[in-house]
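Worksheet: one structure, shown below.
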Amino acid sequence: MIEVVGAVFYDQDLDSFLVAQRAEGLKFPLKWEFIGGKREENDDDLFKAVEREVKEEINKQVKATRILGTSNIDYAGDLGNIMVYFIECVGLAGEVTKDPKIHNQVLWEKREKMGDIDWVEGDIKFAKTLANGKDFWNVENPLAS
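Position in the sequence shown (first residue = 1) + 1 = our numbering.
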């Protein structure tokens, strides 16, 4: 099984989440996702993996704080079974810049519009849960609720 991490950034004042649209030349072109990627062998844990991915993709140092949810997807072909971990991250400061080889767009999306986006399959259920108002930020153990 391949482990994948997705960084969940939430702006409470805007009631918005940071989302990214995949570049045209990638697998699943122009689909939306949470910033992240595969956990690599040298990543000590999932938190280090998501912090590394954020640094690589948008050049920001952030802190991963907790796992908010998971999604298990079985893609046919070369991808196989993937477990996605959605991890709350904090400390995002300043303007976010994208790498055009990785993302077509990176933007803050309002909660109520999260369910309308054309997501990569692994992110759909979690994104719709956010759109439906699940409040992970006032829950001590979000996976238990």
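Built from N, CA and C at the ideal position, the CB exists for glycine as well.
Range of the contiguous alpha helix (DSSP H) that encloses residue i
| i | result |
| --- | --- |
| Thr130 | 125-132 |
| Glu57 | 47-59 |
Reference residue i, options the options, closest by Cα
| i | options | result |
| --- | --- | --- |
| Thr66 | Lys49, Glu54, Ile125 | Lys49 |
| Phe18 | Pro30, Leu27, Gly7, Gly123 | Gly7 |
| Lys32 | Arg40, Lys39, Glu41, Val20 | Val20 |
| Gln62 | Thr98, Ile3, Lys126 | Thr98 |
| Ala1 | Asp100, Ile125, Phe87, Lys56 | There is simply no residue 1 to check, as the chain begins at 2 and stops at 146 in what is shown. |
| Arg40 | Val9, Gly116, Ile3 | Ile3 |
| Gly70 | Ile103, Ala77, Phe35 | Phe35 |
Boundaries (first-last residue) of the beta strand (DSSP E) holding residue i
| i | result |
| --- | --- |
| Leu80 | Per DSSP, Leu80 belongs to no beta strand (DSSP E) and is neither H nor E. |
| Trp109 | 104-111 |
| Val5 | 3-9 |
| Gln22 | 17-23 |
| Gly37 | 37-39 |
Inter-residue Cα distance where the pair is residue i and residue j
| i | j | result |
| --- | --- | --- |
| Ser146 | Glu89 | No answer about Ser146 holds up, because its pLDDT of 43 lies below 50 and its placement is not dependable. |
| Ile68 | Arg53 | 16 angstroms |
| Thr130 | Asn43 | 31 angstroms |
| Val51 | Asn105 | 20 angstroms |
| Leu144 | Ser72 | A caution first: Leu144 carries a pLDDT of 49, below 50, which makes its placement in the model too unreliable to give a value. |
| Tyr11 | Glu58 | 18 angstroms |
| Leu15 | Lys126 | 22 angstroms |
| Lys1 | Gln13 | What the structure shows of the chain is the stretch from 2 to 146, and residue 1 is not part of that stretch, so it cannot be assessed. |
| Arg23 | Asn133 | 24 angstroms |
| Val107 | Pro101 | 10 angstroms |
| Glu96 | Phe87 | 22 angstroms |
| Lys114 | Asp79 | 32 angstroms |
| Val9 | Lys64 | 11 angstroms |
Neighbour-count burial assignment, residue i, 16 or more Cβ in a 10 Å radius
| i | result |
| --- | --- |
| Asp119 | exposed |
| Gly81 | exposed |
| Ala235 | The structure shown does not extend to residue 235, since the chain is modelled only from 2 through 146, so no value can be given for it. |
| Asp46 | exposed |
| Gly92 | exposed |
| Asp124 | buried |
Sub-8 angstroms separation of residue i and residue j beta-carbons
| i | j | result |
| --- | --- | --- |
| Phe29 | Val85 | no |
| Gly208 | Val5 | No answer is possible for residue 208: the residues shown for the chain start at 2 and end at 146. |
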